[in-house]
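0 is the number of the first residue of the sequence shown in numbering that gives the first Met the number 0; add one for each residue after it.
For each residue, glycine too, the CB sits at the ideal point set by N, CA and C.
In this text the structure is predicted, and so the values were computed from the model without any measurement.
See structure below.
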Amino acid sequence: MLDKMQMFIVLDECRSFTETARRMFCSQPTISHQIQQLEEKYKTVLIQRKNRQIELTEQGEVFLQYSKKMLLLDKQMLQEMHQVDSPLSVHVSHYIAEKFFTTILPLNLEGFEQQSFSIKSNCYESLKEKLLNEKTNFAIMPVYENDSEFQQAYKVDLLFEEELFLIMSCDHPLAGRKLIYARDLENQTLLLPENLYLQQLIKDKIDQKNLNVQYMQMTNFEIIKQAVVSNIGVSFLPLKIIESILNQGKIVATSIHGLCIKRQNAIVSNPQKMLSQREINFCQYVQNQFYTYEKPLLNANSVK
């Protein structure tokens, strides 16, 4: 039956018995006979001739779509059977891997006792590239509204949303203020990460307030943290990034009255690729972990 389905897909592409027979390495009568068998089996007409062209009937269109799904399932089944004993490859952002996976991935996951994992952390652009090039079926990563074309092309299952707090050295002039307004950022040096989409997210919020600030780009969150401690500038970062030095009293983290910057993190998957059962199970597990333990996972020390 799968062979007949493959033949029907080729026939739809070629719209010619001659070309279909050539591509399927068989004779035209064989193609005609297989079509006849399918029509007898399903008691319907699948194709018709119109102006010397082969066209699919409405029933033929239905059969075509299900044929494609069946062949895809067959291919996936074969892949999964060969992957049973191989590690499950999980692509995740550096941030989530470092700050969350030690909590949500204990050594012996319930339901995954026999499953080994290959956890690969990457930056946003690398994860995006892997999805676009179909090197992975899903990734656990940030999502940005200003990358709308990418978001619209993929399935996004939100895990959590977190605020980016203003952080500054304890010696900074604003550190002692009980309430900080957006206007207080005027003429400040604002340290930005290398990620262009996160940069734009922050800049858009600043521009909405018509603020004049000096931007300084740095490679990653770790370098930004050290620069803030050294009072080189201020920055907007998630609490999980700064919790260690926040506990040491080296910096101050605070919300800004009238200015809130939030970033979302999600499981992003290719809607054109069907996830394997073990991928589905793992994604559901991760979602449940964040839904169940959202506050303990996301909260660091309280801020001002």
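| According to the neighbour-count rule (16 or more other Cβ atoms, all chains shown, within 10 Å of its Cβ), is T19 buried or exposed? | buried
| query | In terms of alpha-carbon separation, which member of K154, M69, Y94, Y143 lies closest to I266? | reply | Each of K154, M69, Y94, Y143 was checked against the Cα of I266, and the nearest Cα belongs to K154.
| request: Identify which residue in V228, L77, Q216, Y123 has its Cα closest to the Cα of V251. | output: When the alpha-carbon of V251 is set against those of V228, L77, Q216, Y123, the nearest one is in V228.
| query | What's the call for M140, buried or exposed, on a 16-neighbour Cβ count within 10 Å? | reply | buried
| Can you tell me the Cα-Cα spacing of D11 and F149, whole angstroms? | 31 Å
| request: In the DSSP assignment, find the unbroken beta strand (DSSP E) run with Y180 in it and report its ends. | output: No beta strand (DSSP E) contains Y180, which DSSP labels as neither H nor E.
| message | To test your reading of the DSSP string, which unbroken alpha helix (DSSP H) runs of 4 or more residues are found completely within the region 57-94? | response | 57-82
| The beta strand (DSSP E) spanning L158 covers which residue range? | 154-168
| message | With distance defined between alpha-carbon atoms, name the residue in R176, I118, V91, R14 nearest to S85. | response | Ranking the options by Cα distance to S85, first place goes to I118.
| query | Counting pairs of Cβ atoms below 8 Å between the region 233-250 and the region 158-173, do you hit three or more? | reply | When C-beta atoms of the region 233-250 are compared with those of the region 158-173, three or more pairs fall below 8 Å, so the two segments count as touching.
| Nearest-angstrom Cα distance between K239 and E221? | 12 Å
| field | DSSP-derived helix/strand/coil call for S26 | value | coil
| task | Per DSSP, which residues does I266 bridge with? Please list them. | result | I139, D156
| Residue span of the beta strand (DSSP E) that contains K49, given as start and end | 46-49
| field | Selection from K204, Q33, D73 that minimises the alpha carbon distance to R262 | value | K204
| Cβ-Cβ distance between G59 and L45 below 8 Å | Cβ atoms of G59 and L45: closer than 8 Å.
| query | Once you ignore the five residues that flank F116 on each side, which residues in its own chain have a CB closer than 7 Å to its CB? | reply | P86, L87, V89
| Thinking C-alpha only, which one of V61, F111, E128, L77 is nearest S92? | Measuring from the Cα of S92, the nearest candidate turns out to be E128.
| query | When we look at the beta-carbon of Q187 and count the other beta-carbons within 10 Å, is it buried (16 or more) or exposed? | reply | buried
| said: Please identify the residue among D156, L131, S15 whose C-alpha is closest to the C-alpha of I53. | reply: S15
| query | Which residues in the same chain as L106 place their Cβ atom closer than 7 Å to its Cβ, once the five residues preceding and following it in sequence are excluded? | reply | Below a pLDDT of 50, predicted positions are generally treated as unreliable, and L106, at 49, falls in that range; the measurement from the model is reported next regardless. Result list for L106: empty, nothing under 7 Å.
| So, are the CB atoms of L72 and L63 less than 8 Å apart? | no
| query | Near N230, which residues of its chain fall below 7 Å by C-beta distance, leaving aside the five closest residues on each side in sequence? | reply | Sequence-distant Cβ neighbours of N230 in its own chain, meaning closer than 7 Å and more than five residues away, are S168, D170, H171.
| said: Only counting the same chain, and skipping five residues up and downstream in sequence, which positions put a Cβ closer than 6 Å to that of L274? | reply: N136
| field | Contact between the region 278-293 and the region 197-214 (3+ Cβ pairs under 8 Å) | value | no
| request: Spell out the partners DSSP gives Q213 in its beta bridges. | output: T188
| task | On a CA-only basis, which of T101, Q271, Q276 is nearest Q288? Give me that one, please. | result | T101
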